[in-house]
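Worksheet for the structure shown next.
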Amino acid sequence: MLEIKCPYCGKRSQNEFAYGGDATIKRPKLNTEVSDEEWDTFVYYRKNPRGDHLELWQHISGCRQWFKAKRNTATHEIIETYELSSNKEEHS
Amino acid sequence: MKKYSVFSLINNAFSYHQNWDVAWRDPEPKKEYEVIIIGGGGHGLATAYYLAKNFNIRNVAILEKGWIGGGNVGRNTTILRSNYMHNANNLFYEKGMQMWRDLSQELNYNVMYSPRGILNLAHSDAQMNTYSRRGNSMRLNGIDAKLLNREDVKKMIPFADFSSNCRFPIFGGLFQSSGGTARHDAVAWGYARGADDHGIDIIQNCEVTGFDVSNGKIKGVQTSRGNIKAKKIGLCVAGSTSLLAEKLNMTLPIEAHVLQACVSEPIKPLLDQVVTFGAGHFYCSQSDKGEMVMGGDLDGYNSYAQRGNLPTIQHVLTEGVALFPNLSRLKMLRTWGGIMDMSMDTSPIIDKTHIDGLYLNCGWCYGGFKATPVSGLTFAHTIAKDEVHELNAPFRLDRFNTGHLIDEKGIGTKTWIS
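Protein chains in written order, with my numbering: chain C, 5 to 96; chain H, 48 to 465.
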């Protein structure tokens, strides 16, 4: 069982959370010309690293807030979690 | 290769089975091969086998990081089926089903193919309609499909929950009688023995650490056992595809996820078919040893760990008990996990790449085992002829740019959403 620290509620069991996937993907800017390739990359292509992975989680059965987690995909260790608004440098 | 037969069995009994030939050699890697297949799982071994058998390309090496059959081919729930909706999937997997029928004779190795039938249960009128549509699609492609009503299903699995107060009552189901199971390890071993017999080198404990590419053409690989040159290289590494692609500066429409399965303690014969629960994600069959083999959802987060967490097992088995209440008395024998290469439309990719001589076989999600023979056949064709086979023509990588997705379920990597 993973224990995930919600930045708002503290440590809770994995059962309370929903996964939102890779947090490093950036949606192409609105109201600008977007090439097909840029759009396809945004929709389908993933770095899919083995090791540290920055990802989105939602505390769906708790405060329902979205937040970011840095988690190791090889060991499942959750290194840190923080609020979406946090300006921490995103790994890429 | 000495053929296995009843005579060889009797013959070897006289020497107390001490003098059987090894099934495959353990060769040192040569400096150069015509084709290198990376990944000694079912698909890699089958690809090498068909390269030799169908295209007479025998100067081939299979490089395996661990031992052959230690990955997903040894970790699946052994289900064979071709009960899809889309033509591309129907035709591709049905070719596979035809190959399974003769595979034991073809390989002279008993893969314990058991066409016991697969039953997808429906729990609402809407689901019956969907199954009727899918069944018709299968029949139009020459695949056997039969829509069963509640009474038919009750005759097949009388111990399922048919009570009046059940949360997800069984309305009926879609039955593919040619579906079934095969002994997964035997498939890997049978293909390995067949490939070795054709002179192909199976090199285990040999990890690929890098690629030699020059002028957009593949030249060879760097491995933990030295550099090896090759004209053509095929990637058959399932869950590790993105890691090797990264060494080639390629990003793929794939996420790695962990899928767990489990078996119960062995019991007397109970379940004759493969049965799937339609109100969630749970599938079950009984192995020849008597264990109930069960699986369901992905854990639901990116993972390379080959082991999952208990909440998913609990969730899946809750569905199992909802379907078969008598499962609740069984003890679990073991659980395990495998890394699925989840493609973004839940369909595989078998294709050439932008690098000349580099071929890609990945994105099997959790349907790779049943495709082992046909994946090997079409991938061998793609490598040998440098063009896709008509069966894998829809499964090209560029479909994510052209929009020709094969979105069988329309759920992509987030299969737990269904």
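Ideal Cβ placement from N, Cα and C applies to all residues, glycine included.
Contact of C:Thr45 with chain H is assigned, a C-beta pair being separated by under 9 angstroms.
Residue-level contact by beta carbon fails for C:Ser90 and chain H, as no gap is shorter than 9 angstroms. Residue range 255-261 is occupied by the beta strand (DSSP E) that includes H:Asp259. Inter-segment contact for the region 334-347 of chain H and the region 303-316 of chain H is present: three or more beta-carbon pairs are separated by less than 8 angstroms. Counting every other CB atom within 10 Å of its CB across the protein chains shown gives C:Thr79 a total below 16, marking it as exposed.
Scanning its chain for C-beta atoms nearer than 6 angstroms, with the 5 sequence neighbours on each side dropped, one finds around H:Leu318 the residues Gln333, in chain order. Using beta-carbon distances, H:Leu357 counts as an interface residue toward chain C, with a partner under 9 angstroms. Relative to the Cα of H:Gly86, the nearest Cα in the group H:Leu291, H:Cys412, H:Glu141 belongs to H:Leu291.
Taken through DSSP and simplified to helix, strand or coil, H:Ile386 comes out as strand. Using a CB distance cut-off of 9 angstroms, C:Asn35 does not count as an interface residue toward chain H. Counting only residues of its own chain and dropping the five nearest sequence neighbours on each side, H:Ser62 has no CB closer than 6 angstroms to any other CB.
Taken in chain order, the whole alpha helix (DSSP H) runs of length 4 or more contained in the region 88-153 of chain H are 89-102. C:Lys74 is outside the set of residues whose beta carbon lies under 9 angstroms from a beta carbon in chain H.
Contact check for C:Tyr12 and C:Gln69: beta-carbon distance about 5 angstroms, within the 8 angstroms limit, so the pair qualifies. Inside the region 11-86 of chain C, DSSP marks whole alpha helix (DSSP H) runs of 4 or more residues at positions 40-48, from first to last along the chain. Closest in C-alpha terms to C:Ala73, from the list C:Met5, C:Asp26, C:Glu20, C:Asn19, comes C:Asp26. Considering only beta carbons, the part of the region 15-36 of chain C lying closer than 7 angstroms to chain H consists of Gln18, Asn19, Tyr23, in chain order. In the pairwise beta carbon analysis, the region 440-450 of chain H is classified as not touching the region 149-169 of chain H: fewer than three pairs are separated by under 8 angstroms.
Contact between H:Asn157 and H:Ala108 does not hold, since their C-beta atoms are separated by about 27 angstroms, which reaches or exceeds 8 angstroms.
The CB of H:Phe258 never comes closer than 7 angstroms to any CB in chain C; the least such distance is about 17 angstroms. Contact annotation for H:Phe447 against chain C: Asp44, Tyr48 [CB-CB distance below 7 angstroms, chain order]. Taking C-beta atoms under 8 angstroms as the contact rule, H:Gly367 and H:Leu374 qualify, at a distance of about 5 angstroms. For H:Arg381, the beta-bridge partners assigned by DSSP are H:Val310.
Rounded to the nearest angstrom, the gap between the Cα atoms of C:Asp40 and H:Phe329 is 38 angstroms. Three or more beta-carbon pairs separated by less than 8 angstroms are not found between the region 273-284 of chain H and the region 123-138 of chain H, which leaves the two stretches without contact. Straight-line spacing of the CA atoms in H:Thr359 and C:Gln18 works out to 10 angstroms. For the options H:Met339, H:Ala173, H:Val69, the alpha carbon positioned closest to that of H:Arg240 is the one of H:Val69.
Non-local beta-carbon contacts of H:Tyr351 in its own chain, meaning distances under 6 angstroms to residues more than five positions away in sequence, involve Ala303, Ile386 in chain order. By the Cβ-count criterion, H:Asn212 is exposed, with fewer than 16 other Cβ atoms from all chains shown falling within 10 Å of its own Cβ. Under the three-state reduction of DSSP output, H:Thr449 falls in the helix class. Interface residue (Cβ-Cβ distance to chain H less than 9 angstroms): C:Thr85 is not classified as such. When the beta-carbon positions are compared, H:Glu111 and H:Ile314 stay at least 9 angstroms from each other.
Contact with chain H is found for C:Pro53, since one of that chain's Cβ atoms lies less than 9 angstroms from the residue's Cβ. Under the three-state reduction of DSSP output, H:Ala169 falls in the strand class.
Just measuring C-alpha positions, the residue of C:Gln62, C:Lys33, C:Val47, C:Lys30 sitting nearest C:Arg16 is C:Gln62. Restricting attention to H:Leu168, H:Ile190, H:Met339, the CA atom closest to the CA of H:Thr124 is found in H:Met339.
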